[in-house]
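Novice: One structure follows; several queries about it will come next.
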Amino acid sequence: MNIPRDLISHPADLKPDTPWRDTVWAWRSEESLVDHQTPARLCVATLLPFRDGKPDWEGFERSIAWMLRCGQRHGVEMAFVLNADTGYIFNLTAELYREVITRFRAAFPEPRIICGTTALGATGDGFDREWYRPQIEIAQSFDNVEVMIMTSRQLNALGPEQRRDAYFSIAEMLTVPGIVHALEPAFVPWATPYEPWLLHQLATHEKFVGGKISTLDEPHFLYWAAMCRDLGLDFAPHSGDDFGIATAIRLGLPLLIGAGVSACPLICAARQMWLGEPFDTRVYKLFEAFQSLEDMVFRLDDQGSAAAYKHSTAHVLKLLGLIESAEIHPDCADRRPEGEDRRMREALIRPLRMAERLGIAEFSLAH
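So, in structure tokens, the structure goes:
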């Protein structure tokens, strides 16, 4: 494919409807952005497990303690994402939303937490920032927290300038650092990623320290990384691409992913290997091994949706002996069909072999 001429490289030339393909940042290779120096954080989109229709708090704490040990063992800074999609934010009452954070903080007072927030109770076609206020206020009542502003149908439907203004109005409610979040239709059918003008607008707002881009089919994370680096923006792109986990490791940028749960020891080990001296080329086989697992965990259903990854993740944690049941939230419709236990057991064969060969601890079947 021929690269178009006269590509935009200066933010002043961006218009609200400028597509990425008209900018230099859409044509940068991953290799040109590689970073072997920066130890970026891993933000684990924590699973809220269920047993007998109720939250399994013992399994919740056990899985978090396991992930903390993985991070400490491999020298990886770790933050925990609570009450986001992997934590069933769209099915949580305000009381359960608060209880998740309260229980986490009681058991783990030190780690950084990132709390998902969304448009609770949104109705109609218009947008109202007040839908976000209840969860933002709960999240901000805790220490050492960031707030992730998850998109919603009414927010996503706005034109670029109105969408920018809506994010800025939500930012007025923030007393802690904010992370914006864009995603594509593989997660929800109405979602649209940010185009370059909107990303630049959000990235230069003082309240927003970073953003998560959840895409499975388009390399938007590379676009974000190229723009932020070229322009020296004080804004950290966080990858939400569970189909391309190694890219963030190679670029020295944060991951904010549900795959950080089911493959936590492997991802932490890969980060350590990528930064190590002398360089251990076996990291490339490790990349392939955990990606093969997550390709199955996040596989698309016949509607083109990966939303049932939460159910697959629960099966993996059960197989690893970290939770007792592979149940999901009783009100969540994102379910895998019968036989998921067997399918996840098969998906674990290759990563289990690599973990054994590389001596990666705490990644083995319980039985």
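The sequence shown: position 274 = 283 (this note's numbering), numbered continuously. Glycine included, C-beta positions come from ideal geometry on N, C-alpha and C. Model, not experiment: these values are computed from the prediction.
(1) Leaving out the 5 sequence neighbours to the left and right, which residues in its chain are closer than 8 Å to W66 when beta-carbon positions are compared?
(2) Could you tell me which residues DSSP pairs with C341 in its beta bridges?
(3) Helix, strand or coil: how does DSSP classify R60 here?
(4) Jot down the residue ranges of each uninterrupted beta strand (DSSP E) in the stretch 264 to 289, minimum 3 residues, whole runs only, in chain order.
(5) Quick one: what does DSSP say L8 is sitting in, helix, strand or coil?
(6) Is I276 closer than 8 Å to L51 when the C-beta atoms are compared?
(7) Just to confirm the assignment, what range does the beta strand (DSSP E) spanning L91 have?
(8) Out of curiosity, what's the CA-to-CA distance linking Y318 and V306?
(9) Reducing DSSP to helix, strand and coil, say where R121 ends up.
(10) Which same chain residues end up closer than 8 Å to A315 when comparing Cβ atoms and leaving out the 5 residues on each side of it in sequence?
(11) Just verifying my parser: in three-state terms, what is the DSSP assignment at I369?
(12) Where R37 and I123 are concerned, what is the direct C-alpha to C-alpha distance, given to the nearest angstrom?
(13) Where does L233 land, buried or exposed, given buried means 16+ other C-beta within 10 angstroms?
(14) According to DSSP, E190 sits in a beta bridge with which residue or residues?
(15) I'd like the span of the alpha helix (DSSP H) that includes L51, first residue to last.
(16) CB L231 to CB G220, shorter than 8 Å?
(17) Considering just the uninterrupted stretch of the beta strand (DSSP E) at A245, what are its terminal residues?
(18) Decide if S18 is buried, meaning its Cβ has at least 16 other Cβ atoms within 10 Å, or exposed.
(19) What is the DSSP secondary structure of E336, reduced to helix, strand or coil?
(20) Quick check: what's the CA-CA separation for C341 versus P228?
(21) Comparing alpha-carbon positions, which option in L367, R60, A103, F117 lies nearest I145?
(22) By the 10 Å Cβ neighbour count, where 16 or more other Cβ atoms means buried, how is F288 classified, buried or exposed?
(23) Whose CA, out of S150, D26, R344, lies closest to the CA of E336?
(24) Specify the secondary structure class of E155 as computed by DSSP and reduced to three states.
(25) Taking the C-alpha atoms as reference points, what is the distance between H324 and P263?
(26) I'd like to know if the stretch 77 to 86 and the stretch 46 to 64 are in contact, where contact means that at least 3 CB-CB pairs between them fall below 8 Å.
(27) Mind pulling the beta strand (DSSP E) runs of 3 or more residues that sit fully within the stretch 103 to 150?
(28) Can you tell me whether T32 is helix, strand or coil according to DSSP?
(29) Candidates S321, D311, I358: which alpha carbon is nearest E347's?
(30) Using C-beta distances below 8 Å, list every residue in its chain close to L183, excluding the 5 sequence neighbours before and after it, in chain order.
(31) Three or more beta-carbon pairs under 8 Å between the stretch 165 to 173 and the stretch 197 to 211, yes or no?
(32) Quick one: residues in its chain with C-beta nearer than 6 Å to the C-beta of P20, no 5 flanking neighbours on either side, listed in chain order?
(33) In whole angstroms, what separates the C-alpha of R121 from that of D15?
(34) Who does I17 pair with in a DSSP beta bridge?
Specialist: Answer, in terms of the structure:
(1) R112
(2) The partner list for C341 (beta bridge, DSSP) is empty, contrary to what the question assumes.
(3) strand
(4) 264 to 266
(5) Nothing can be reported for residue 8: it is not among the residues displayed for the chain, which extend from 10 to 376.
(6) For L51 and I276, yes; Cβs fall inside 8 Å.
(7) 87 to 91
(8) For the pair Y318 and V306, the Cα-to-Cα distance works out to about 5 Å.
(9) Of the three classes helix, strand and coil, the one that applies to R121 here is strand, per DSSP.
(10) A195, F196, L225, D251, F307, R308, L309
(11) Reduced to three states, the DSSP call for I369 is coil.
(12) One Cα belongs to R37, the other to I123, and the distance between them is close to 30 Å.
(13) Correcting the residue type first, residue 233 is Trp in the shown sequence and not Leu. Buried, by the Cβ-count rule.
(14) A small correction: the amino acid at residue 190 is His; Glu does not occupy that position in the sequence shown. According to DSSP, which records beta bridges pairwise, H190 is partnered with K221.
(15) Not the alpha helix (DSSP H): L51 falls in the beta strand (DSSP E), residues 51 to 54.
(16) no
(17) 245 to 248
(18) So S18 ends up on the exposed side.
(19) strand
(20) 29 Å
(21) Comparing Cα positions, the closest option is A103.
(22) exposed
(23) R344
(24) strand
(25) C-alpha separation (whole angstroms): 26 Å.
(26) yes
(27) 121 to 126
(28) strand
(29) Looking at the Cα atoms, S321 is the closest of the given residues.
(30) Only I145, Q149, V156, K216 meet the Cβ criterion.
(31) yes
(32) H209
(33) 43 Å
(34) T32
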